[in-house]
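Under numbering that gives the first Met the number 0, the sequence shown has 25 at position 26, and the numbering climbs by one with no breaks. What follows is one structure encoded as structure tokens, with my remarks underneath.
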Amino acid sequence: MKETIPGLLSLEFGAVAKNPFEGYQDVTRDHTHTLVSTHVDGEALKVYHEHPDHLLLVQYCVPRLVEGGLTMTDFYTVV
Numbered sequence: 000m001k002e003t004i005p006g007l008l009s010l011e012f013g014a015v016a017k018n019p020f021e022g023y024q025d026v027t028r029d030h031t032h033t034l035v036s037t038h039v040d041g042e043a044l045k046v047y048h049e050h051p052d053h054l055l056l057v058q059y060c061v062p063r064l065v066e067g068g069l070t071m072t073d074f075y076t077v078v
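Here is the structure:
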């Protein structure tokens, strides 16, 4: 998707670490996976949200994730 969505720097998806070290406090609220996207700025995040490739990803993922609970958060860092 980095090649097709302007301003998308990275897209990572994976299983949540439930117990990465002894004494770890689990704050996952039973979520099992996470997706993190990084963008050059807020405008690029808007482009990502509206892009057909992202909409296909949403169409695929959301029905599968809603059953186990879904939290979506958008953020970006100004540098």
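Beta carbons: idealized from backbone N, C-alpha and C, even for Gly. Just so it is clear, the structure is predicted and the values come from calculations on it, not from any experiment.
Take residue i as the anchor and find which of the options has the nearest alpha-carbon.
i	options	result
S9	H50, F20, T27, V35	V35
M0	T37, H30, D29	T37
G6	V61, T72, G41, L55	G41
D29	G22, V39, V15	V15
Bridge partners of residue i, per DSSP?
i	result
V35	E11
State the Cα-Cα distance for the pair residue i and residue j, rounded to the nearest angstrom.
i	j	result
V57	Y47	11 Å
Y59	A43	22 Å
I4	G13	21 Å
R63	Q24	26 Å
E49	M71	16 Å
E2	L55	16 Å
Do residue j and residue i count as a contact pair if the criterion is CB distance below 8 Å?
i	j	result
K17	T27	yes
Quick check: does the Cβ of residue i come within less than 7 Å of any heavy atom belonging to the ligand FAD?
i	result
L56	No copy of the ligand FAD appears in this structure; indeed no ligand is present at all.
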